[in-house]
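Here the sequence shown is numbered in full-length UniProt numbering, starting from 1 and rising by one per residue. In this text, a Cβ means the ideal position worked out from N, Cα and C, and glycines have one as well. Okay, structure first, notes after.
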Amino acid sequence: MASREDSEIASERRKRTHANYRDNLKDILKPLAGGVLKRDRVVWFEDGNIVLQAGGVAFRVYQGFLAMHSEVFAGMFSVPQPKSAEQLDGSPVIHLVDHPDDLRHLLSALFINKSENLYVWARADVDKASPLMTHKRRDAIAAVNIGRLTGIASILPVALYMCCQLETEIIVNGFKRRDGRREQLAPKDIMRCLNARKTLVHDNVVSATRIFAPVTSGGCTSPKTCTVSLVDLLHGQVRYDGALNDYRCLEDWVPFLHFDNPNYLALCDDCQLLVQGRAADERERLWFRLPYTMGVEVDDWME
Ligand SMILES: [Zn+2]
């Protein structure tokens, strides 16, 4: 556990980062450069009340919600805007120097792909419909960095978890973006990912032993067959070339089992439901622990 001194230093460091960001507000709040603003296809709420603009792309969101989640944005909004301030569709426009892709990551995570919700995240991960997921997986590094920069801790557990899925070389060295800049994790976040990967594999194995524990459901119609099937299911996973040796412990087991696993299909209906329930419980347990697993503190995780 971090000592009081450590947490004070960390808190001081956070404050300093915010202060630096606020000091740069003059640079951030750039005057309108002219030209046609492109409304973002995804992050544009018709009833939003503030427009953030970066690199010619406009995002309309909710000011109060943003301020509630980020000291940096709260500070930014507290800077009085002149009456003549630029407006777009009736909302004041704030100009940011961030890359529009970075800003889209952040706003998507906050407003659409709300990362504190397992099922919203999981659905987005499966159907790749979320704007976060339409980008390459390595963009998770940018999501971590912008979460750090803006002090929005709630996006860090998922963003770091996504970083854990990257090749080690990319976690350690980052990658070169299209604009030539190198996107790279901070050394402490690299360490968090490498440490967490061990836990994620371990969690995968523990989850499998719980999900396929050879205890049949109360309403089981064929306990002998179901017990054997559960044992075979577990043995099918826990082997050297099994699927447990990876870091995706938050993935849903059920579609995978339904797809082609004869041992799962041999279970009676009640025992299939039992396995589904256990799998859902395990995922929720791991989701609940995600900030701890990834080594970050999030005040309102799952509230
Ligand atoms: Zn059964």
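The set of residues whose C-beta lies within less than 5 Å of a heavy atom of ligand 1 reads, in chain order, Thr216, Cys220, Cys226, Cys268, Cys271. Assigned with DSSP and collapsed to three states, Asp281 falls in helix. In the displayed model, Ile155 falls within a helix according to three-state DSSP. Taking C-beta atoms as the reference points, Arg104 and Val61 fail to come closer than 8 Å. In the DSSP assignment, the residues bridged to His95 are Gln53. Taking C-beta separations shorter than 6 Å and ignoring five residues to either side along the sequence, the partners of Leu106 in its chain run Ile146, following chain order. Here Asn49 has Tyr62, Gln63, Ser91 as same chain residues with Cβ atoms under 7 Å from its own Cβ, once five neighbours each way along the sequence are excluded. Between Ala109 and Ile155, the beta carbon gap of about 4 Å places them in contact (Cβ cut-off 8 Å). Distance from the CA of Ala140 to the CA of Gln184, rounded to the nearest whole angstrom, comes to 10 Å.
The beta carbon of Ser229 is closer than 8 Å to those of Asn263, Tyr264, Ala266, Leu267, Cys271 in its chain, skipping five residues each way along the sequence. Note that the segment 245-258 touches the segment 275-287; at least 3 beta-carbon pairs, one per stretch, sit closer than 8 Å.
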